[in-house]
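Asker:
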Amino acid sequence: MNPFYGKYRGKVENNVDPMMLGRVQVSVAAVLGDGTLSWALPCAPYGGSGVGFFAVPPVGANIWVEFEGGNPEQPIWSGCFWGAGEVPAMPAVAEMKVFKTDCISLQMSDLPGVGGFILEVSPPAVAVPLKLTLDANGIKLAMAAFSIAIGSTGVSINDGALEVI
3 MNPFYGKYRG KVENNVDPMM LGRVQVSVAA VLGDGTLSWA LPCAPYGGSG VGFFAVPPVG
63 ANIWVEFEGG NPEQPIWSGC FWGAGEVPAM PAVAEMKVFK TDCISLQMSD LPGVGGFILE
123 VSPPAVAVPL KLTLDANGIK LAMAAFSIAI GSTGVSINDG ALEVI
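So this note's numbering is basically just the index in the sequence shown, starting at one, shifted up by 2.
Below, the structure written as structure tokens:
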């Protein structure tokens, strides 16, 4: 058997790991052939007993697959890549950091003058949309149509319905 070293383009076909190890079932046509699937262990940036970074890509995601010791029977998913128009950050620049799931979005921006932090949680994860914003204007917490904003000039409740200076 020839060893397969390096990274290969793959696709997540199943992300429900019966062993609950963060594995995904992958297709890698260039190595495994068409229609052959294999369970790939994650290559996590941080981990240990009960600690670590845990994020499993969704079904259909493009992933990079490597093979332990070049062995095609021991795949490792080492990261993901986007196709055109799939990048979750807007603008897609180095100053933007985004972690986005189907219902939760965490955006961190180091863009001069407009940087900040935004955390959003949307249905069905919660009953009504939630949003926390920290930026040059201050802090704003919103739940559906209700909000509290703290800025340099005071506190605003429900977009000015009550102002505390």
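The C-beta atom is built at its ideal place from N, Cα and C for all residues, glycine as well.
Along the chain, where does the beta strand (DSSP E) containing Leu-39 start, and where does it finish?
Answerer: Where Leu-39 is concerned, the enclosing beta strand (DSSP E) stretches over 39-44.
Asker: For Cys-45, which residues in the same chain have their Cβ closer than 8 Å to its Cβ, ignoring the five residues on either side in sequence?
Answerer: Glu-68, Ile-78, Trp-79, Ser-80 and Gly-81, listed in sequence order.
Asker: According to DSSP, Asp-104 sits in a beta bridge with which residue or residues?
Answerer: For Asp-104, which the question treats as bridged, DSSP gives no partner whatsoever.
Asker: Rounded to a whole number of angstroms, what is the C-alpha to C-alpha distance between Ser-107 and Gly-8?
Answerer: Whole-angstrom Cα-Cα distance: 32 Å.
Asker: Give the DSSP-derived three-state secondary structure of Ala-144 in the structure shown.
Answerer: Correct three-state label for Ala-144: strand.
Asker: Tell whether a beta-carbon distance below 8 Å holds between Ser-111 and Gly-118.
Answerer: It is a contact, given that the beta carbons lie within the stated cut-off.
Asker: With the cut-off set at 8 Å, would you say Val-33 and Pro-74 are in Cβ contact?
Answerer: Against a cut-off of 8 Å, the Cβ pair of Pro-74 and Val-33 comes out as a contact.
Asker: Helix, strand or coil: which one does DSSP assign to Ala-163?
Answerer: Ala-163 falls in the coil class under three-state DSSP.
Asker: At what residues does the alpha helix (DSSP H) containing Val-18 begin and finish?
Answerer: Where Val-18 is concerned, there is no enclosing alpha helix (DSSP H), given that its DSSP letter is neither H nor E.
Asker: With a cut-off of 8 Å on the beta carbons, I'd call Asn-139 and Gly-153 a contact; round off their distance for me.
Answerer: Indeed they touch by this definition, with Cβ atoms about 6 Å apart.
Asker: Of all the options Gly-72, Ala-31, Met-145 and Gly-24, which has the alpha carbon lying nearest to the alpha carbon of Asn-4?
Answerer: Looking at the Cα atoms, Gly-72 is the closest of the given residues.
Asker: Beta-carbon within less than 7 Å of Phe-6's beta-carbon, same chain only, minus the 5 sequence neighbours each way: which residues are those?
Answerer: Hits under 7 Å: Val-33, Phe-69, Gly-72 and Pro-74.
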